[in-house]
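Protein chains in written order, with this note's numbering: chain D, 21 to 102; chain E, 358 to 756.
What follows is one structure encoded as structure tokens, with my remarks underneath.
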């Protein structure tokens, strides 16, 4: 799966949780632009894990601020394993 | 730059809550009258938010043992368990707890928080995985943060969600599943029977925190694993002395023959002072008295059912369908209503815990009541009446 395909899939998962109506760009941040609280982020992480059949360890989360960060992390896990 | 600036948003959120007379975050108990009553704000108040489930804080045997230990052994040990801080009392208490749980080994920690912190961070190393419930207590999250393992979390009490994650873990990796018997905020029970069986199928080591279930769940009061008949699937049980035992401290019990290495490897055990002799003596008497506390246990469950039924009949929205524990949580529509409700209830003379975000998930605003075995049925009825009166006063519609 390409980076762009992963990005598109993640955008689809964000859509129902996007309460601000912000258009999702690679640089869009979860906390500030999408105003997601930590529990919404947690639900989203769970959705992403199930969509790609992977695990995103909790320890990685502080570094994943933007949609692109998450896309890259998913790509890395898919190619190398968690 | 003031390093505390990063907390300004919390300060603002606290300041925006319209408390007029009393604030739940700054409550001072001026005088403690008994297990169930205190003077707060000059008012005699029923305590219904203390986690003092078995009402052991004034247990006569515990008081006498604590007093004697204080007078003969002094106010504190002034040392770590691995240096000068191990007295015969500490060893005796460990033996008592191990026997209570029918396990070979026990380690006593200075708090329950440190027990989780120490066990989780020490058991799971760099290449291992810790699998936790999303609603875990802060001590479990902090234990994960202190250690070097990867942490994976699943949706609260969701067996399928847990199994899907276990399936994705490398087969040969070290895995520690951490769950609680009863979750402290809404007082619901974990489906340990199913969860532990699945975890064992995937080769997990299991740790169960019975902090909120000790003393009154299961035949001997060992907790939810005993109640559900799955103690044999638990590798490590963690607990606390600060709830049903009525004092402070934590412990872990296990049958693992290599257990004692933890006394050297577990930093939150090693690098802190051990519990004072009076606390140790009080805890030991309280745990011993559990075995003669059948009536107390029955009365506690009676109280929990009476309160749950009474509030449900009155039309309150309760967080659990039935009383699964002595924690009865009432859902309120938003933080403002919760604020008014809590303050008015205090003026009526009932202390409960206000649990709102960020301590609870967004949209969950609770009046968390915890019941004590020493509450009389009359006190339970008074709590119900005062809840109803408070709802009327603040204009909360009941169904």
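Think of the CB as a built atom: it goes at the ideal place given N, C-alpha and C, for glycine as much as any other residue.
- By the Cβ criterion, the segment 474–491 of chain E is in contact with the segment 504–522 of chain E, since at least three pairs of Cβ atoms, one from each stretch, lie closer than 8 Å.
- Counting every other CB atom within 10 Å of its CB across the protein chains shown gives residue 664 (chain E) a total of 16 or more, marking it as buried.
- Following the DSSP letters along the chain, one finds residue 537 (chain E) inside the beta strand (DSSP E) bounded by residues 532–537.
- Of all residues in the segment 55–81 of chain D, the ones placed with a Cβ closer than 9 Å to any Cβ belonging to chain E are 57, 58, 59, 60, 62, 63, 65, 66, 69, 70, 73, 74, 75, 76, 77, 78, 79 and 80, in chain order.
- Contact between residue 600 (chain E) and residue 410 (chain E) holds: CB atoms are separated by about 6 Å, below the 8 Å threshold.
- By the rule that beta-carbons nearer than 9 Å mark a contact, residue 714 (chain E) touches chain D.
- With fewer than 16 other CB atoms across the displayed protein chains lying within 10 angstroms of its CB, residue 358 (chain E) is exposed.
- Per the C-alpha coordinates, the member of E:668, E:588, E:382 and E:651 positioned closest to residue 743 (chain E) is E:668.
- With fewer than 16 other Cβ atoms inside 10 Å of its own Cβ, residue 368 (chain E) counts as exposed.
- Within the segment 649–681 of chain E, complete beta strand (DSSP E) segments of at least 3 residues are not found at all.
- Per DSSP, residue 712 (chain E) is one residue of the beta strand (DSSP E) stretching across 710–712.
- Rounded to the nearest whole angstrom, the CA to CA distance from residue 540 (chain E) to residue 429 (chain E) is 39 Å.
- Residue 686 (chain E): member of the beta strand (DSSP E) spanning 684–689, first to last residue.
- Take residue 580 (chain E), set aside five residues on each side of it, and the residues of its chain with a beta-carbon closer than 6 Å to its own are 538, 567, 570, 571 and 574, in chain order.
- Contact annotation: residue 661 (chain E) and residue 602 (chain E) have beta-carbon atoms that are not nearer than 9 Å.
- At least 9 Å separates the CB of residue 363 (chain E) from every CB of chain D.
- Shown here, residue 723 (chain E) sits in a strand according to DSSP, grouped into three states.
- Rounded to the nearest whole angstrom, the CA to CA distance from residue 594 (chain E) to residue 378 (chain E) is 42 Å.
- With respect to chain D, the C-beta atom of residue 521 (chain E) has a partner C-beta closer than 9 Å.
- For the segment 523–598 of chain E, the continuous beta strand (DSSP E) assignments of 3+ residues that do not extend past its boundaries occur at 532–537, 562–566 and 593–597, in sequence order.
- Per DSSP, the continuous alpha helix (DSSP H) segment holding residue 451 (chain E) begins and ends at 445–458.
- Residue 618 (chain E) and residue 433 (chain E) have their C-alpha atoms roughly 25 Å apart.
- Per DSSP, residue 387 (chain E) has no beta bridge partner at all.
- Put simply, the segment 440–456 of chain E does not touch the segment 675–683 of chain E. Fewer than three CB pairs are less than 8 Å apart.
- The C-beta separation of residue 87 (chain D) from residue 30 (chain D) comes to about 6 Å, placing the pair in contact by the 8 Å criterion.
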